[in-house]
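Numbering (the numbering used here), first residue to last: -12 to 107.
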Amino acid sequence: MKLVQRGDSTWRKSWFYHYNYEKQFPYTPNVRGVRTDSWKYIHYPHGDGSPDRHMAELYNMEFDPEERHNLIANPKYAPVVKELQAELTKLMKQTGLTAATDKMPLDEGIKKELPDQRIR
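Here you go:
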């Protein structure tokens, strides 16, 4: 109630999301992302330190809440991307994940074999 009525300067300004690739669900790569009131930035690290294989995403959540227009390639938003990347790095560090400690699996991509029979 306090947050709604008076605000709270200690309330978070963003939040961090991450997901690690699983062989059983090969359509979802490693994901690292950050969301603020206005923006959502997501990137898909490969897991071995090489450049991302999938295009990163940037959405303006105020004007595009359905995430229909990926703005990542628009040079106009390069400063926003840089700011969100810094925020993501900060949040990851607060969570205990750094480039040295983020032990994500190698994204092996989509395979032809089916997932384990027990999870189908």
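In this text, a Cβ means the ideal position worked out from N, Cα and C, and glycines have one as well.
What are the start and end residues of the alpha helix (DSSP H) that includes residue i?
i     : result
T85   : T85 -> no alpha helix (DSSP H), and no H or E assigned at all.
L93   : Element bounds for L93: n/a, residue is neither H nor E.
Q(-8) : K(-11) to R(-7)
In the DSSP assignment, find the unbroken beta strand (DSSP E) run with residue i in it and report its ends.
i   : result
R40 : Careful: R40 lies outside any beta strand (DSSP E) and carries neither H nor E.
R22 : V18 to T23
S1  : S1 to Y6
For residue i versus residue j, is the C-beta distance shorter than 8 Å?
i     : j   : result
V18   : L71 : no
L45   : N57 : yes
F3    : T82 : yes
D(-5) : R40 : no
V68   : Y28 : yes
P38   : G96 : no
N47   : S25 : yes
Who are the Cβ neighbours of residue i in its own chain at under 8 Å, not counting the five residues just before and after it?
i   : result
T15 : Y6, Y8 and E9
Apart from the five residues on each side of it in sequence, which residues of its chain come closer than 6 Å, Cβ to Cβ, to residue i?
i   : result
P92 : N7, Y8 and G34
T85 : none
Going by DSSP, what residues sit across from residue i in a beta bridge?
i   : result
E46 : The identity of residue 46 in the sequence shown is Tyr, whereas the question assumes Glu. DSSP, once it has assigned bridges, lists K27 as partnering Y46.
E74 : Bridge partners of E74: none, in fact.
E9  : F12
For residue i, I'd like the list of residues in its chain whose CB is within less than 7 Å of its CB, leaving aside the five on either flank, ordered along the chain.
i   : result
T23 : K0 and S1
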